[in-house]
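I have placed the structure first, in the form of structure tokens, so that the comments after it can refer back to it.
2 protein chains.
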Amino acid sequence: MSYRKKKVIPIGTVAELTGLSVRQIRYYEERKLVTPERTKGGTRKYSFEDVDILAEIANKMEDGMQTYEIRKMWEKEKEREALAQEKARKEMLQGQLNAHFNFHRLTDSRLSDPRLGDR
Amino acid sequence: MSYRKKKVIPIGTVAELTGLSVRQIRYYEERKLVTPERTKGGTRKYSFEDVDILAEIANKMEDGMQTYEIRKMWEKEKEREALAQEKARKEMLQGQLNAHFNFHRLTDSRLSDPRLGDR
DNA sequence: ACAAAAATGTTAGAAAATCTTACGTACTAT
DNA sequence: ATAGTACGTAAGATTTTCTAACATTTTTGT
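For the protein sequence lines, the chains are A and B, in the order given.
Residues 165 to 283 in the numbering used here are what the first sequence lists, from first letter to last.
Residues 165 to 283 in the numbering used here are what the second sequence lists, from first letter to last.
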């Protein structure tokens, strides 16, 4: 996994990196904006990605946005991305099918083309 | 700074990531193989780079190498790299000088070439 | 304007994680 | 044999984080 996604940073350090209070960071977890992992002992561990997300939250909050608005926004985003992904996937599949049948069409025409001898 | 170089990981997590004991990690610091930062409170913080270095140490130790051998090895490496850097730097500088004087040579010759008129 | 909800501070006590220091041990090299 | 290397382990202190609760401030909806 990438360094960006590995959950290794304790909450105090996250607070320093983002400028948020520890209280705020825990609260944003309660509102499902971040999902840290836990050690056996139960202490939270965040990733750099989480840090970036939290920094982004800090901005949106300054702009007067509410936590559930932020979450909703992200959910829409994810959905859009998922659709785009799906679309891309289908197109690629279609492309492969096309390539496949093209290959056969070419092969067949060549085989049945009297101008082309056996090789 | 890159995620790789930011010192944010506590020693327990480093131990998990590397499979080394906390004792070993502290010992390798004593032998100058890693240099974590500290929080105000005094707890160590490591980077992913440190984690990689420690993993590498673990291998060398398994091969029966001693800490000071490892350090010496790295110092030599650093030196070689520094020399290579220096060489590259000089070559680039020379390249720029060449380009510079080439430019003037071409310009001058054009200016003094009777076949080329004013524009 | 007022009540409810949201966002955050603060405090208290417990638990987890880390720190330093020191002593013990096994192995290696001289 | 002695000394150095590379750890393990233990003790006690300190730092960090945890949950839960209550308080305060800000925002929102009616």
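Backbone N, C-alpha and C define an ideal beta-carbon position, used for all residues, glycine too.
Rounded to the nearest whole angstrom, the C-alpha separation of residue 256 (chain A) and residue 246 (chain A) is 15 Å. Of all residues in the region 185-209 of chain A, only 203, 209 come within less than 8 Å of chain B when Cβ atoms are compared, listed by chain position. Neighbourhood of residue 173 (chain B) in chain A, by CB distance below 8 Å: 172, 173, in chain order. Between residue 218 (chain A) and residue 198 (chain A) a beta carbon distance of about 6 Å is seen, short of the 8 Å cut, so the two are scored as contacting. As the crow flies, the alpha-carbon of residue 224 (chain B) is around 7 Å from that of residue 234 (chain B). Secondary structure note for residue 214 (chain B): its alpha helix (DSSP H) is the uninterrupted segment 212-226.
DSSP, reduced to helix, strand and coil, places residue 170 (chain A) outside both helices and strands of the structure shown, so it counts as coil.
Residue 204 (chain A) and residue 178 (chain A) have their C-alpha atoms some 20 Å from each other. Within 7 Å of the CB of residue 167 (chain B), the CB atoms of chain A belong to 167, 168, 212, in sequence order along the chain.
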